[in-house]
Amino acid sequence: MTLLKRQGLHYAWVVLLAACVLNVVSRADSASFGVFIDPLVEQFGWKRGDISFAYSLAFLAGLPAMVAMGWLGDRWGARTLMIGASLLIGTGTVLLGTIKELWHFYVFYGLFVGSLGNAAFTVLLPVIVTRWFHRHMGMAVGIYWAAMGAGPVIFAPLFRWLIETRGWSWSFTVIGIVVGGILVAFSWLIRSSPYEKGLSAYGAESSSRDPGASTAAAIAPTGLRQVLAKRPVWLLTGVHHLGCAAHAIILTQVVSMATFKGVSGVEAAGVLSTIAGTSIISRFASSVLTERLGGRAVLTMALIGQSTPVLILFFANDAWVFYLFAVIFGLCYGGEMVGFPIINRQLFGARAPLSSIYSFQMLGASTGMALGGWLGGALFDLTGGYNWAIFASAAIGYLGLPLALALPRHRSLVASGARAVAKA
127 MTLLKRQGLH
137 YAWVVLLAAC
147 VLNVVSRADS
157 ASFGVFIDPL
167 VEQFGWKRGD
177 ISFAYSLAFL
187 AGLPAMVAMG
197 WLGDRWGART
207 LMIGASLLIG
217 TGTVLLGTIK
227 ELWHFYVFYG
237 LFVGSLGNAA
247 FTVLLPVIVT
257 RWFHRHMGMA
267 VGIYWAAMGA
277 GPVIFAPLFR
287 WLIETRGWSW
297 SFTVIGIVVG
307 GILVAFSWLI
317 RSSPYEKGLS
327 AYGAESSSRD
337 PGASTAAAIA
347 PTGLRQVLAK
357 RPVWLLTGVH
367 HLGCAAHAII
377 LTQVVSMATF
387 KGVSGVEAAG
397 VLSTIAGTSI
407 ISRFASSVLT
417 ERLGGRAVLT
427 MALIGQSTPV
437 LILFFANDAW
447 VFYLFAVIFG
457 LCYGGEMVGF
467 PIINRQLFGA
477 RAPLSSIYSF
487 QMLGASTGMA
497 LGGWLGGALF
507 DLTGGYNWAI
517 FASAAIGYLG
527 LPLALALPRH
537 RSLVASGARA
547 VAKA
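Mind the numbering: the sequence shown is residues 127 to 550 in our numbering, read in order.
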């Protein structure tokens, strides 16, 4: 801490760096799920729908865990919870190298890694970033979400290469040990709020005004029970559910869609990496735009942007078409995921139980990911092709538009909040 003071570096930047590393590494397995399907089909003869159910199970089993993590994070702080989650993810990844039966895959991936392990990082990290930044909050959250896009870029081709060259068991044993160690080390740097360090949020030293205060006044009160009675919370939960269901179909199946059309395994894994890489742009830009334009406009644009390019997959038969789709889809789909912590801060203010609020919205996201993760593989098993899965992804995404458009307009919300503050 003394060194940071000498360098003039606020601890908020250390928290942001640690959060970015944790965001990337904690999702190593889930970000690479699409490359697991073909090797498991070849090695064990399991159905794609049965394998994909593990992805769904991870989100379904994580529902109570996320609510619990939100509640515990608001009361006990995040660091201890994250260290425990780090050990679960590392252990679960190592145990994935030992699987012999389908239920082993469900337990070690679906429970250890995907649900119990990831719940703490998923709910707590983005909220922590918003608490540490008063100035440049949108940029900080954008950097955090952009880092998430690096996970599949790094881990999807790495897992594919390791599985093909070293085998399933060796790959998961080594990666599990490395991942667990990194997660524990960087979790130790996390603090839930600046107050734990005796600091103010970055940029708050020169201002006493909460960047979400004027808008929060329009939605007050901010107790959890009162907040959950407000319409915007459930509109946001619905948007997150449908948006995630739509892109989960693509994220879990696009590698198999490509190999089904004759694209090589390594090239197909590159499609998923390209989606993740290009999504870095939309993750960052959408966070900044959400701070400036509000959730209604950004979520509407993101849903249109992620749903429309999916139609390209009806005509994709060559690798270059899949890569063209990956670039366009990636530039848009990241925008659906990233703005919720900022929107919550705008609506309810920094003093609200933001981790708990976000955990309820993540219930919508997780049930959506569970639905989409299972549906794509199940529709393939039912029809023998991917056309119905492609249609389902586009249709579900468009269904989220009415909910996004029903959110408060950013300008009217700010104006009504300012009037409320003036009267106070």
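Note that beta-carbon positions come from the ideal geometry of N, C-alpha and C, so glycine has one too.
Beta-ladder partner(s) of residue i, from DSSP
| i | result |
| --- | --- |
| Tyr574 | Nothing can be reported for residue 574: it is not among the residues displayed for the chain, which extend from 127 to 550. |
C-beta atoms of residue i and residue j nearer than 8 Å
| i | j | result |
| --- | --- | --- |
| Ser564 | Ala372 | With the chain represented from 127 up to 550, any question about residue 564 goes unanswered, as that position is not in the structure. |
| Met402 | Gly498 | The sequence given here has Ala at residue 402, not Met. Cβ atoms of Ala402 and Gly498: not closer than 8 Å. |
| Ser318 | Met208 | no |
| Val279 | Ser399 | yes |
| Ile225 | Gly306 | no |
| Ala395 | Arg292 | no |
| Tyr137 | Lys323 | yes |
| Ile553 | Val141 | Summary: the structure shown does not reach residue 553, with the chain confined to residues 127 through 550, and so no result is reported for it. |
| Thr416 | Gly264 | yes |
| Gly218 | Thr378 | no |
| Ala491 | His366 | yes |
| Pro252 | Tyr270 | yes |
| Gly562 | Val249 | Lying before the first or after the last residue shown, residue 562 is absent from the chain, which here runs from 127 to 550. |
| Ala428 | Glu462 | yes |
| Leu368 | Leu505 | no |
| Arg261 | Gly203 | no |
| Ser212 | Val310 | yes |
| Val397 | Val380 | yes |
| Asp448 | Ala384 | Position check: residue 448 holds Phe in this sequence, whereas Asp was assumed. A contact, by the Cβ cut-off of 8 Å. |
| Met192 | Ser390 | no |
| Val151 | Ile303 | no |
Spatial distance of residue i from residue j (CA atoms)
| i | j | result |
| --- | --- | --- |
| Pro283 | Gly243 | 23 Å |
| Pro320 | Trp258 | 6 Å |
| Val414 | Glu168 | 44 Å |
| Gly465 | Ile407 | 14 Å |
| Thr493 | Phe231 | 20 Å |
| Ser519 | Trp296 | 35 Å |
| Phe298 | Leu533 | 43 Å |
| Asn149 | Gly388 | 33 Å |
| Ser158 | Glu290 | 14 Å |
| Ala144 | Gly510 | 44 Å |
| Gly421 | Ala530 | 8 Å |
| Phe517 | Leu437 | 8 Å |
| Phe386 | Phe281 | 22 Å |
| Val353 | Pro467 | 14 Å |
| Phe170 | Trp229 | 12 Å |
| Asn118 | Phe247 | What the structure shows of the chain is the stretch from 127 to 550, and residue 118 is not part of that stretch, so it cannot be assessed. |
| Ala194 | Trp446 | 44 Å |
| Trp139 | Ala327 | 11 Å |
| Leu527 | Arg418 | 20 Å |
| Ala200 | Ile254 | Sequence inspection shows Asp at residue 200; the Ala mentioned does not correspond to that position. Taking the straight line joining both Cα atoms gives about 10 Å. |
| Phe162 | Val220 | 15 Å |
| Arg205 | Thr256 | 16 Å |
| Val233 | Leu325 | 42 Å |
| Arg535 | Gly460 | 21 Å |
Buried/exposed call for residue i, threshold 16 Cβ in 10 Å
| i | result |
| --- | --- |
| Gln472 | buried |
| Leu508 | exposed |
| Pro190 | exposed |
| Asp444 | exposed |
| Asn470 | buried |
| Ala154 | buried |
| Leu186 | buried |
| Leu539 | Annotation note: pLDDT 46 at Leu539 (below 50); position unreliable, coordinate value reported separately. Buried, by the Cβ-count rule. |
| Ala521 | exposed |
| Val424 | buried |
| Gly338 | No answer about Gly338 holds up, because its pLDDT of 49 lies below 50 and its placement is not dependable. |
| Ser334 | With a pLDDT of 48 at Ser334, under the threshold of 50, the modelled position of that residue is not reliable, and the figure given next carries that caveat. Exposed, since its Cβ has fewer than 16 Cβ neighbours within 10 Å. |
| Leu361 | buried |
Neighbourhood of residue i by C-beta distance below 6 Å, restricted to the same chain and skipping five residues each side
| i | result |
| --- | --- |
| Phe410 | Gly268, Ala272 |
| Ile454 | Pro435 |
| Ser182 | Ala496, Gly499, Trp500 |
| Leu350 | Pro479, Ser482 |
| Gly503 | Arg174, Gly175, Ser178 |
| Asp336 | Note that Asp336 scores 49 on pLDDT, short of 50, meaning its location in the model is unreliable; the coordinates nonetheless yield the value given after this. These residues qualify, in order along the chain: Gly475, Ala476. |
| Leu489 | Leu189 |
| Met274 | Asn149 |
| Ala184 | Gly236, Gly240, Ser241 |
| Gly431 | Cys458 |
| Gly523 | Ala372, Leu429, Gln432, Ser433 |
Any C-beta of chain D under 8 Å from that of residue i
| i | result |
| --- | --- |
| Lys387 | Annotation note: the requested chain D is absent from the structure, which comprises a single protein chain. |
Sequence-distant residues of the same chain with beta carbon closer than 8 Å to residue i, five excluded per side
| i | result |
| --- | --- |
| Leu166 | Trp172, Ile177, Phe231 |
| Gly223 | Trp294, Ser295, Trp296, Ser297, Phe298, Thr299, Gly302 |
| Leu198 | Leu207 |
Cβ-based neighbour list, residue i, same chain, cut-off 7 Å, excluding 5 preceding and 5 following
| i | result |
| --- | --- |
| Leu457 | Thr404, Ile407, Ser408 |
| Phe451 | Pro435, Ile438, Leu439, Ala442 |
| Gly277 | Val150, Arg153, Ala154, Ala157, Ala402 |
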